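Engineer: First the structure, which I've put down as structure tokens, then a few questions once you've had a look.
Protein chains: 2
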Amino acid sequence: MMHMVNEFRAAPRELSQPTDLMGAIGVRMAFAKDEEIYGQGEATDFVYRLVHGTVRTSHFMADGRRPIGDFYYDGELFGLETRSQHGLTAEALSDCIVLVASRKALIAAGGDEELRQLIWKATVRDLDRAREHLSLLVRKSASERVASFLMGLADRCCDEVVELAMGRQDMADYLGLTIETVSRMITQLQSAKVVEFKSCRQFRITDRDALLDMAAG
Amino acid sequence: MMHMVNEFRAAPRELSQPTDLMGAIGVRMAFAKDEEIYGQGEATDFVYRLVHGTVRTSHFMADGRRPIGDFYYDGELFGLETRSQHGLTAEALSDCIVLVASRKALIAAGGDEELRQLIWKATVRDLDRAREHLSLLVRKSASERVASFLMGLADRCCDEVVELAMGRQDMADYLGLTIETVSRMITQLQSAKVVEFKSCRQFRITDRDALLDMAAG
DNA sequence: CGCGACCTTGACTAAGTTCAAGCTGGGTGG
DNA sequence: CCACCCAGCTTGAACTTAGTCAAGGTCGCG
């Protein structure tokens, strides 16, 4: 399922912090697109840092629906759930490099307080995102949802051209819409000259104010 | 706005725990129905324990929409937001008794670790609830939402007859529906002999399995 | 080049909203 | 104590939005 990458104790320079135990202890792993990183029900023994790529957490339900927990991007910590077992499954949306450290090892290395901090920060961030996600789903129209989503992606990315790591189905699941509706809304935003899709996975904002308006709407 | 109740250092017996600093230090306050307990933008200097009543947190938006953060019930802690200012407003849905303690006082009384624990637990609980709320809003039909909501209320309450602390508008805001749709779904659930409303604020589950099915659906 | 996955588009349908009346029941004043 | 009043709830009919089903298009890859 997952294959180790050579350097076992490599602390990638770009991520090192003064006391970055995670970088020192963590194991670098590569996951191919669509590979599972952890599954719901597995023990929450590890801490994950996404060095490169995009990850999706989701919850498989009996009836086939798959509500998306969240998306995680370059540099973010994920998998820090608060119970002893994962309630969500994490999958690589694109090829990913992930730094994995066991909680035990972190504690053994004296990173008790650091681990606590990591978990705290990740939990607060997840809560904030969940609240934002909630306000998106309650009383927002399809076009507002799509506009908010694109705006959010653009905010996280300094480049002019924004890459969509996820396909339409993932967007739809996240936004509580169908793939067709997402597609239509995107077409509509393009006709309104608010965004411009170079391909279905890359877009550029042509009228930021208008997009903000639609997102807030 | 709020009026102190006589007993300043009364630790209500039913809430006392081995080391219940909150009960010892907290000030008991009464809030009338619809009174504001704290407002968005205020500093998060206090910790609140709801001794009796029901509280709603919500976020007032420019356009008049008011997404509901959550409802809090007897015995729960609330207002433990993670930033220095409240992002949500808390209001009493019914007449409430609230135990209020300042964070400073708790720390001064040596409750540093206890405070930390309180905040951690409340944050985790809020996150869990937010996730549940999310899964309710993504891809659930109106009837499923209402069924889930009623089921949730009933689970929290051991009595056979369940009191609805909130009106239809609050339910609608929480469920991402209109007041009319909520009303129609309730009527429908009654026709299906799944629940029985004694008045618009009290109901009884007549077919628990059926309600569970509809809620899960 | 052609296949297959993914995206877009169209026509129709279903679900929920909106707008507009009516109803109900709990509280108040005569 | 009763009648009235009014906020909150329910109901109905028309309408709007998003979903469904089905077909066609596009892009990347073997």
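Chains D and C, in that order, give the protein sequences.
Per this note's numbering, the very first residue in the first sequence carries number 24; after that it's consecutive.
Per this note's numbering, the very first residue in the second sequence carries number 24; after that it's consecutive.
Glycine included, every Cβ here is placed at the ideal spot set by N, Cα and C.
If you're wondering where the values come from, they're calculated on a predicted model, not measured in any experiment.
Measure from the C-beta of C:Asp232 to each C-beta in chain D and report whether the shortest distance is under 9 Å.
Structural biologist: No, no contact with chain D.
Engineer: Which residue's Cα is closest to the Cα of C:Ala128: C:Phe69, C:Glu186 and C:Tyr197?
Structural biologist: Checked all of C:Phe69, C:Glu186 and C:Tyr197; the closest Cα to C:Ala128 is C:Phe69.
Engineer: Rounded to a whole number of angstroms, what is the C-alpha to C-alpha distance between C:Gly92 and C:Ser166?
Structural biologist: If I take the Cα positions, the gap works out to 21 Å.
Engineer: Is there a Cβ of chain C sitting closer than 9 Å to that of D:Thr67, yes or no?
Structural biologist: Cβ-Cβ to chain C under 9 Å: no for D:Thr67.
Engineer: Tell me whether the beta-carbon of D:Gly76 lies closer than 9 Å to the beta-carbon of D:Val123.
Structural biologist: Their beta carbons are not under 9 Å apart, which means D:Gly76 does not touch D:Val123 by this criterion.
Engineer: For C:Leu116, collect the residues of the same chain with a Cβ closer than 6 Å to its Cβ; drop the 5 residues on either side in sequence, then sort them by chain order.
Structural biologist: Thr77, Arg79, Ala188 and Met189, listed in sequence order.
Engineer: Please confirm if the segment 163-178 of chain D is in contact with the segment 170-188 of chain C, defined as three or more CB-CB distances below 8 Å between the two stretches.
Structural biologist: No, the segment 163-178 of chain D is not in contact with the segment 170-188 of chain C.
Engineer: Which of the three DSSP states is assigned to D:Asp93 in this structure?
Structural biologist: Three-state DSSP puts D:Asp93 in a strand.
Engineer: What are the complete alpha helix (DSSP H) segments, minimum 4 residues, inside the segment 116-158 of chain D?
Structural biologist: You should have 126-131.
Engineer: Run the CB neighbour count on D:Glu104, radius 10 Å, all protein chains shown included, and call it buried at 16 or more, exposed below.
Structural biologist: D:Glu104 is buried by the Cβ-count criterion.
Engineer: In whole angstroms, what is the alpha-carbon distance linking C:Val217 and C:Arg231?
Structural biologist: Computed Cα separation, rounded: 7 Å.
Engineer: Using only alpha-carbon positions, find the residue among D:Ile209, D:Thr229, D:Gly64 and D:Gly199 that is nearest to D:Cys223.
Structural biologist: Out of D:Ile209, D:Thr229, D:Gly64 and D:Gly199, D:Ile209 has the C-alpha closest to the C-alpha of D:Cys223.
Engineer: Can you find a CB in chain C that lies within less than 9 Å of the CB of D:His75?
Structural biologist: For D:His75, the answer is no, since every Cβ of chain C falls outside 9 Å of its Cβ.
Engineer: Starting from D:Val70, find everything on chain C with Cβ-Cβ shorter than 7 Å and list it in chain order.
Structural biologist: Going along chain C, no residue has its Cβ under 7 Å from D:Val70, so there is no contact; the nearest lies around 17 Å.
Engineer: For D:Leu212, would you say it is in contact with chain C, using Cβ-to-Cβ distances shorter than 9 Å as the test?
Structural biologist: False, the Cβ-Cβ gap to chain C never drops below 9 Å.
Engineer: Can you tell me which of the three DSSP states C:Asp230 falls into?
Structural biologist: If DSSP states are grouped into helix, strand and coil, C:Asp230 belongs with coil.
Engineer: D:Val147 versus chain C: which residues are under 8 Å apart at the beta carbon?
Structural biologist: In chain order: Thr105 and Thr146.
Engineer: Which residues, in order along the segment 191-210 of chain D, keep a beta-carbon less than 7 Å from a beta-carbon of chain C?
Structural biologist: Flagged, chain order: Gly199.
Engineer: Using a beta-carbon distance below 9 Å, is D:Ala239 in contact with chain C?
Structural biologist: Judged by the 9 Å Cβ criterion, D:Ala239 is in contact with chain C.
Engineer: Here's the rule I'm using: 16 or more other beta-carbon atoms within 10 Å means buried, otherwise exposed. How should D:Lys221 be labelled?
Structural biologist: D:Lys221 comes out exposed.
Engineer: Name the chain D residues whose beta carbon is nearer than 8 Å to that of C:Leu150?
Structural biologist: What C:Leu150 touches in chain D: Thr105, Thr146, Asp149, Leu150 and Ala153.
Engineer: DSSP on D:Glu167, reduced to helix/strand/coil?
Structural biologist: Of the three classes helix, strand and coil, the one that applies to D:Glu167 here is helix, per DSSP.
Engineer: C:Leu198 lies in the beta strand (DSSP E); which residues open and close that run?
Structural biologist: Run containing C:Leu198: none in the beta strand (DSSP E); it sits in the alpha helix (DSSP H), Arg191 to Leu198.
Engineer: Determine the burial state of D:Val184: buried for a count of at least 16 other Cβ atoms within 10 Å of its Cβ, exposed for fewer.
Structural biologist: Flag for D:Val184 reads exposed.
Engineer: Give every residue of the same chain whose Cβ lies closer than 6 Å to the Cβ of D:Tyr197, excluding the five residues on either side of it in the sequence, and list them in chain order.
Structural biologist: Closer than 6 Å at Cβ, skipping near neighbours: Ile91.
Engineer: When burial is assigned at 16 or more other CB atoms within 10 Å of the CB, is D:Lys56 buried or exposed?
Structural biologist: Classification for D:Lys56: exposed.
Engineer: Taking DSSP as the reference, what is the three-state secondary structure of D:Phe31?
Structural biologist: Confidence at D:Phe31 is low in this model, with a pLDDT of 39, below 50, so the placement of that residue is unreliable and no value is reported for it.
Engineer: Along chain C, which residues have their Cβ under 8 Å away from the Cβ of D:His82?
Structural biologist: Under the 8 Å cutoff, chain C gives Ser158.
Engineer: Whose CA, out of C:Ser214, C:Ala239, C:Arg191 and C:Gly102, lies closest to the CA of C:Glu203?
Structural biologist: That would be C:Arg191, whose Cα lies nearest to the Cα of C:Glu203.
Engineer: Could you list which residues in chain D have their beta carbon closer than 8 Å to that of C:Val218, in chain order?
Structural biologist: Those do not exist, as C:Val218 stays about 23 Å from chain D at its closest Cβ, beyond 8 Å.
Engineer: Against chain D, with Cβ distances strictly below 9 Å, would C:Ile130 count as a contact?
Structural biologist: No, C:Ile130 does not count as interfacial toward chain D.
Engineer: Between D:Arg179 and chain C, is any beta-carbon pair separated by less than 9 Å?
Structural biologist: False, the Cβ-Cβ gap to chain C never drops below 9 Å.
Engineer: By the DSSP assignment, the beta strand (DSSP E) with D:Ser81 in it spans what residues?
Structural biologist: Counting along the chain, the beta strand (DSSP E) containing D:Ser81 begins and ends at Val78 to Ser81.
Engineer: Closest Cβ-Cβ distance between D:Gly92 and chain C: below 9 Å?
Structural biologist: Yes, contact with chain C.
Engineer: If we cut at 9 Å on Cβ distances, does C:Val123 have a partner in chain D?
Structural biologist: Answer no: the Cβ-Cβ gap between C:Val123 and chain D never drops below 9 Å.
Engineer: I'd like to check one pair, D:Leu212 with D:Val169: are the Cβ atoms closer than 9 Å?
Structural biologist: Closer than 9 Å, so yes.
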